[in-house]
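Worksheet: the structure to be examined is printed underneath.
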Ligand SMILES: NC(=O)c1ccc[n+]([C@@H]2O[C@H](COP(=O)([O-])OP(=O)(O)OC[C@H]3O[C@@H](n4cnc5c(N)ncnc54)[C@H](O)[C@@H]3O)[C@@H](O)[C@H]2O)c1
Ligand SMILES: [Zn+2]
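Numbering (this note's numbering), first residue to last: 53 to 414.
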């Protein structure tokens with residue numbers, strides 16, 4: 053299957069391309085040559101990820117040795133950014149250098165923030181290695197790190213110069229990580245694509261088997277949806293909010309469990325069920341629509357439990373979120389499979405009822 057290309061952003065210097073294709077990472081340097089990117093390229097990864105993916109990358113990208121930082125969300129902080137600056141200086145990086153970030157969302161966000169701020173901003177190319185990073189975090193230019201007071205509180209907008217999406221690197225991704233990314237795929241399907249939803253309903257086995265014939269079009273479709281939305285709304289004022297489908301309840305679930313129980317996508321799966329319950333209780337989503345979504349979530353596999361989590365605690369966290377958005381709770385409700393809208397009038401009681409119907413306690 054030939055690679056596909058998706059353009060992100062309005063015409064101009066900040067516009068970039070996502071290339072999606074089986075085996076693309078093995079000719080990474082030639083791609084970057086085509087784009088005229090950087091006489092000096094500095095590859096950044098984590099030791100864990102590098103061990104898995106190095107052999108799928110262009111040999112030219114493997115020497116000199118990459119700059120490796122520790123793996124995991126708990127290292128997504130300014131200390132790691134500082135180590136990256138040190139590495140960039142040591143490699144004599146200058147404004148013409150290009151950072152090549154090879155990793156999941158954590159590495160991409162951290163390296164992206166380092167690139168955004170080093171010498172007031174140098175070029176970065178993302179080579180995402182998790183499903184979540186391929187369909188979501190590598191696209192859109194949001195970069196940043198966590199602060200002791202909360203996730204992603206330190207950040208910037210720094211669009212990459214290119215994104216190279218190669219499903220070959222997903223072969224080694226643990227099944228739970230892959231599934232966590234797949235819930236974001238389901239999110240795109242519900243907000244924007246009945247066709248993608250049908251693929252998830254009927255080809256789930258092939259998707260989990262990472263069959264390139266199914267995976268490449270699926271990746272292209274998701275990247276296309278995110279690209280279209282962020283191009284229309286770069287700074288998250290309007291349509292980009294649709295991407296938050298499932299995320300209001302998800303963030304609250306992650307917070308009350310201190311980010312220890314759920315992979316992000318798993319919390320999003322619960323959050324989508326909550327939003328869909330609410331939509332169906334309001335009568336804006338049909339019972340069939342709700343049932344179809346719930347069936348796909350069930351088919352995808354087990355989710356960590358929510359039955360011991362308190363509705364009141366979750367509501368309290370959601371309420372705190374609400375203050376941040378000028379006192380109005382933006383909630384994305386699906387109105388059909390493939391369509392969603394943002395509402396700002398969700399009441400306490402109806403959210404409590406949706407959480408109860410989803411299985412939370414209280
Ligand atoms: N910038 C954005 O727009 C945006 C959007 C969504 C999420 N995010 C961020 O993304 C982060 C989550 O990203 P993630 O889910 O990719 O997690 P991650 O980057 O921590 O990767 C998950 C795990 O998979 C392993 N891994 C990665 N690639 C692998 C491979 N090819 N083979 C085997 N193992 C591999 C990693 O070592 C890690 O243990 C969060 O910090 C979140 O805030 C950012
Ligand atoms: Zn998400």
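Even for Gly, the Cβ is constructed at its ideal location relative to N, Cα and C.
Between residue i and ligand 2, is the CB less than 7 Å from at least one heavy atom?
i: residue 382; result: no
i: residue 86; result: no
i: residue 316; result: yes
i: residue 188; result: yes
i: residue 299; result: yes
Let me make sure I understand the geometry here. Which of the options has the alpha-carbon closest to that of residue i?
i: residue 280; options: 243, 302, 124, 261; result: 243
i: residue 194; options: 200, 88, 300, 207; result: 207
i: residue 90; options: 77, 147, 55, 127; result: 147
i: residue 407; options: 360, 126, 395; result: 360
i: residue 327; options: 270, 389, 275; result: 389
i: residue 92; options: 86, 144, 128, 405; result: 144
i: residue 97; options: 319, 160, 385; result: 160
i: residue 165; options: 216, 131, 182, 186; result: 131
i: residue 217; options: 362, 245, 156, 341; result: 156
i: residue 62; options: 285, 137, 401, 294; result: 285
What are the residues that DSSP puts in a beta bridge with residue i?
i: residue 97; result: 120
i: residue 71; result: 57, 216
i: residue 250; result: Partner(s): none; residue 250 has no beta bridge.
i: residue 386; result: 392
i: residue 143; result: None, per the DSSP bridge assignment.
i: residue 150; result: 93, 175
What's the gap between the Cα of residue i and the Cα of residue j?
i: residue 503; j: residue 399; result: Here the chain has residues from 53 to 414 only, and residue 503 is not among them.
i: residue 332; j: residue 372; result: 25 Å
i: residue 135; j: residue 353; result: 38 Å
i: residue 350; j: residue 343; result: 10 Å
i: residue 214; j: residue 201; result: 32 Å
i: residue 112; j: residue 221; result: 17 Å
i: residue 268; j: residue 188; result: 15 Å
i: residue 289; j: residue 283; result: 12 Å
Taking only heavy atoms of ligand 1 into account, decide whether any of them is closer than 7 Å to the Cβ of residue i.
i: residue 267; result: no
i: residue 204; result: yes
i: residue 101; result: yes
i: residue 123; result: yes
i: residue 113; result: no
i: residue 110; result: no
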